[in-house]
Amino acid sequence: MLVALISDTHMAYAAGRPSKRRLPERCSELIASSDLLVHAGDFVTEEVLDELAALGPPVEAVHGNQDSAALRQRLPRERLIELPGVTLGVIHDAGPSRGRLERLRARFPDAGAVVFGHSHVPLHEGRDGFQIFNPGSPTERRRAPRHSMGMARVERGTIAFEHVWLS
Numbered sequence: 000m001l002v003a004l005i006s007d008t009h010m011a012y013a014a015g016r017p018s019k020r021r022l023p024e025r026c027s028e029l030i031a032s033s034d035l036l037v038h039a040g041d042f043v044t045e046e047v048l049d050e051l052a053a054l055g056p057p058v059e060a061v062h063g064n065q066d067s068a069a070l071r072q073r074l075p076r077e078r079l080i081e082l083p084g085v086t087l088g089v090i091h092d093a094g095p096s097r098g099r100l101e102r103l104r105a106r107f108p109d110a111g112a113v114v115f116g117h118s119h120v121p122l123h124e125g126r127d128g129f130q131i132f133n134p135g136s137p138t139e140r141r142r143a144p145r146h147s148m149g150m151a152r153v154e155r156g157t158i159a160f161e162h163v164w165l166s
């Protein structure tokens, strides 16, 4: 199973007009070729979620701190996703970097990995079989060196993450 991972797209629609910020073509292609898209929050508006859903694969997502009230009603703050042989936790804001891996392991005790966003900074850490992964942002890099997203391959009860650099 191939899972596309994104967060912090910050693609606001105003008065029904499309966002000026667009997903990079490579990001859209990777999403379309995946079996599932996981978004770790900060779409901004519902139209962005709908646009991503139109790319093809099912979308599993959480809301972020910049998301509209409508999105907050539509999406949970955190979730568990059952993948073949592994459970994936998803949350937008994983808190301060100090102690993050241990804090997420305690918050999601049944998960083998947790995907999060908020900082826009790509990250992949693991210890004792538990992993945390921030895909960065495909549209707003902030302090990150490049725009990015993530891909995860789920095989035989394991999940392997990789960052994809988009710029």
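Following numbering that gives the first Met the number 0, the numbering of the sequence shown begins with 0 at its first residue and continues without gaps.
Glycine included, each C-beta is placed from N, C-alpha and C at the ideal position.
Checklist entry - How many whole angstroms separate the CB atoms of Gly116 and Ser33, which I take to be in contact at a CB cut-off of 8 Å? => result Taking the first residue of the sequence shown as position 1, residue 116 is located at position 117. Taking the first residue of the sequence shown as position 1, residue 33 is located at position 34. Not really, about 18 Å apart at Cβ, beyond 8 Å.
Item to check | Residue environment, Ser147, which counts as buried when at least 16 other CB atoms sit within 10 Å | outcome: Here residue 147 corresponds to residue number 148 of the sequence shown, with the count starting at 1. By the beta-carbon neighbour count (other beta carbons within 10 angstroms, threshold 16), Ser147 is buried.
Item to check | DSSP three-state assignment for Gln65, whether helix, strand or coil | outcome: The residue labelled residue 65 in the question sits at position 66 within the sequence shown. Gln65: coil per DSSP, three-state reduction.
Item to check | Pair within 8 Å by beta-carbon distance, Leu48 and Met150 | outcome: Counting from 1 along the sequence shown, the entry for residue 48 is found at position 49. Counting from 1 along the sequence shown, the entry for residue 150 is found at position 151. No, they are not a contact pair.
Item to check | Pairwise C-alpha distance: Leu54 and Ile90 | outcome: Position 91 of the sequence shown, counted from the first residue, corresponds to residue 90. Position 55 of the sequence shown, counted from the first residue, corresponds to residue 54. If you take the alpha carbons of Ile90 and Leu54, they lie about 22 Å apart.
Checklist entry - For Asp66, which option in Ser118, Ala11, Pro144, Arg106 has the closest C-alpha, if you only look at C-alpha atoms? => result Within the sequence shown, residue 66 is the residue found at index 67, counting from 1. Checking every option, the nearest Cα to that of Asp66 belongs to Ala11.
Next on the checklist: On the DSSP letters alone, give me the boundaries of the beta strand (DSSP E) that Glu46 sits inside.
Outcome noted: In the sequence shown, the residue the question calls residue 46 occupies position 47. Careful: Glu46 lies outside any beta strand (DSSP E), inside the alpha helix (DSSP H) at 45-52.
Checklist entry - Where does Gln72 land, buried or exposed, given buried means 16+ other C-beta within 10 angstroms? => result Here residue 72 corresponds to residue number 73 of the sequence shown, with the count starting at 1. Around the beta carbon of Gln72, fewer than 16 other beta carbons lie within 10 angstroms, which makes this residue exposed.
Checklist entry - Cα-Cα, which of Ala110, Phe42, Phe129 is closest to Ile80? => result By one-based count along the sequence shown, residue 80 stands at place 81. For the residues Ala110, Phe42, Phe129, the minimum Cα distance to Ile80 belongs to Ala110.
Next on the checklist: With H, G and I counted as helix, E and B as strand and the rest as coil, what does DSSP make of Ser6?
Outcome noted: Walking along the sequence shown from the start, residue 6 turns up at place 7. Coil at Ser6, not helix or strand.
Checklist entry - Nearest-angstrom Cα distance between Val120 and Phe160? => result Start at 1 with the first residue of the sequence shown, and residue 120 comes out as number 121. Start at 1 with the first residue of the sequence shown, and residue 160 comes out as number 161. The C-alpha of Val120 lies about 15 Å from the C-alpha of Phe160.
Checklist entry - Which whole-angstrom value describes the C-beta separation of Pro137 and Leu22, a residue pair presumed to lie in contact below a C-beta threshold of 8 Å? => result By one-based count along the sequence shown, residue 137 stands at place 138. By one-based count along the sequence shown, residue 22 stands at place 23. Between Pro137 and Leu22 a beta carbon distance of about 6 Å is seen, short of the 8 Å cut, so the two are scored as contacting.
Checklist entry - Mind checking Ala39: buried by the 16 CB within 10 Å criterion, or exposed? => result In the sequence shown, counting from the first residue as 1, residue 39 sits at position 40. So Ala39 counts as buried.
Next on the checklist: What does the Cβ neighbour count give for Pro95, buried or exposed, with the cut at 16 atoms within 10 Å?
Outcome noted: Counting from one through the sequence shown, the residue named residue 95 turns up at place 96. In summary, Pro95 is exposed, with fewer than 16 beta-carbon neighbours lying within 10 Å of its beta-carbon over all protein chains present.
Next on the checklist: In chain order, what are the residue ranges of uninterrupted beta strand (DSSP E) at least 3 long that sit wholly in the region 115-166?
Outcome noted: Within the region 115-166, the complete beta strand (DSSP E) runs of at least 3 residues are 122-126, 129-133, 147-154, 157-164.
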